[in-house]
Amino acid sequence: MPLSKVPVGARVRVEQLPDSPGLRERLLALGIHPGVQLELVRRGRPGGLLHLALGLQEFMLRQDQAACISVSLDPS
Numbered sequence: 005m006p007l008s009k010v011p012v013g014a015r016v017r018v019e020q021l022p023d024s025p026g027l028r029e030r031l032l033a034l035g036i037h038p039g040v041q042l043e044l045v046r047r048g049r050p051g052g053l054l055h056l057a058l059g060l061q062e063f064m065l066r067q068d069q070a071a072c073i074s075v076s077l078d079p080s
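Here our numbering is used: the first residue of the sequence shown is 5, the next is one more, and so on.
Spelled out as structure tokens, the structure:
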């Protein structure tokens with residue numbers, strides 16, 4: 005499922021990064037790669053930003069960027 009469709013509070017595991025070189029490099033620089041666990045902390049206004057957490061690190065992504073990241077729900 006795309007990261008943009010994840011419910012608030014859900015923990016997900018990154019399955020695949022986008023093909024876009026610029027966004028892919030940014031995500032890798034943040035430590036986001038396949039196998040990493042993310043948590044959706046909150047959503048901005050509809051179509052706005054997603055507030056995500058990777059361990060103690062928090063960051064924001066736009067909806068269109070999050071739609072390019074494939075994730076699966078993490079049962080833990």
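Quick reminder that beta carbons are idealized off the backbone N, C-alpha and C, glycines included.
- Distance from the CA of Asp-23 to the CA of Ile-73, rounded to the nearest whole angstrom, comes to 9 Å.
- Membership of Leu-58 in the beta strand (DSSP E) is indicated by the continuous run 53 to 58.
- Between Val-16 and Leu-27, the beta carbon gap of about 17 Å keeps them out of contact (Cβ cut-off 8 Å).
- In the three-state reduction of the DSSP assignment, Ser-74 falls in the strand class, which pools E and B.
- Distance from Gln-20 to Asp-78 at the Cβ level is roughly 15 Å; contact not present, criterion being Cβ atoms closer than 8 Å.
- His-55 is positioned such that its CB atom lies closer than 9 Å to that of Val-45.
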